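First comes the structure, then the notes that go with it.
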Amino acid sequence: MVSPDGTAELVDLPAGPPLGLGGLPFEAAEIDLAEGSLLALYTDGLVESRDRDIDEGVHRLGQLLTRQAPSLDALCDTVLADLLPQRPADDVALLLARTRALDASQVATWDVPADPSAVAQTRKDAVAQIEAWGLGDAAFVTELVVSELVTNAIRHAEPPIQLRLIHENTLICEVSDGGSTAPHLRRARTYDEGGRGLLLVAQLTQHWGTRQTTKGKTIWAEQTLEPTPPGHSP
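FYI, in my numbering the residues of the sequence shown are 28 to 261.
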């Protein structure tokens, strides 16, 4: 991690199974990052080789990450060119992300009662916020996504339940609950009365996923927004 003042440090995190392996327990951790911090996620193939010790590779990576670059893509290219001058012997992955704070007007949050009757009002509140942002074209899909995710949280998870909408270059809908069980896509049979909610969300949005938190889990869905015409503001 590189702080806004240019100081690079190795974040102390609990060891766990590789990302995406699944089926094994892991320990969650939360870290407060200042706005403008640079976070680098990478596999060991980037920093370790037969000719270089892993500690040496990590130190060199920290030095490279403090360099100025016009974009994160360009910084990735710089890191890869320096650490991997030849074809790597191991799989390599590098992900760079820079933190940036959103204005409070771009985020809307609601606490949702764990009662099925609360779904209708939650839909109305979400649509009203979408229209206030000038995103009327996204209202229909958002209403369906909110309905499905909130209903699933009420039926299958535990309180507290919270809905959050985030408007930037995309529109993100997040529903958090106190449950720890991750949802799974399944295809309902023809005569099943339910079981289609998450599949519907996956089909209507461009991206979706789930993440574990210290209080439970969050399911999110992201919609791509049409570019705002010149001279217009949302």
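We treat Cβ as the ideally placed atom computed from N, Cα and C, and that holds for glycine.
As the structure is a computational prediction, the values presented were derived from the model and not from experiment.
Closest by C-alpha distance to Glu249, out of Asp130, Glu57, Thr237, is Thr237. Look at the beta carbons and you see the region 94-110 not touching the region 145-162: under three pairs across the two are nearer than 8 Å.
For Arg77, the number of other beta carbons within 10 angstroms of its own is below 16, and it is reported as exposed. Under DSSP, Gln189 takes part in a beta bridge, and its partners are Asp138, Ser203. With respect to the C-alpha of Arg191, the residue from Gln233, Gly206, Ala153 having the closest C-alpha is Ala153. Ranked by how close their Cα comes to the Cα of Ala229, the residues Ile246, Gln239, Ala184, Leu162 have Ile246 in first place.
Taking a cut-off of 8 Å for Cβ pairs, the region 162-171 and the region 179-187 do not touch, as fewer than three such pairs fall below it. Contact annotation, Pro41 with Ala56: C-beta distance approximately 6 Å; criterion of less than 8 Å satisfied. Taking one beta carbon from each stretch, the region 114-122 and the region 66-73 have 3 or more pairs nearer than 8 Å; the two touch. The criterion of a C-beta distance shorter than 8 Å is not satisfied by Val173 and Thr136. Remark: C-beta atoms of Asn196 and Leu231 do not approach each other more closely than 8 Å.
Sequence-distant partners of Gln239 (beyond 5 residues in either direction) whose C-beta falls short of 6 Å from its own C-beta, in its chain, are Ala55. Beta-carbon to beta-carbon, Pro115 and Gly72 are separated by about 6 Å, close enough to satisfy the 8 Å threshold. Ile157 and Pro186 have their alpha carbons spaced roughly 25 Å apart. Sixteen is the threshold: since fewer than 16 other Cβ atoms of the shown chains lie within 10 Å of the Cβ of Ile58, the residue is exposed. When DSSP assignments are scanned along the region 75-127, the uninterrupted stretches of alpha helix (DSSP H) that are 4 or more residues long and fall wholly within it turn out to be 81-92, 99-110. In the same chain as Gln233, and ignoring 5 residues on each side of it, the C-beta atoms closer than 7 Å to its own belong to Glu249, Gln250, Thr251, in chain order.
Counting other Cβ atoms within 10 Å of its Cβ, Gln90 stays below 16 and is therefore classed as exposed. A distance below 7 Å between beta-carbons, with the five flanking residues on each side excluded, links Phe167 to no residue of its chain. If you look at Gly224, you'll find it in the alpha helix (DSSP H) that goes 224-231.
Contact between Thr126 and Gly63 holds, with the beta-carbon distance rounding to 6 Å and staying under 8 Å.
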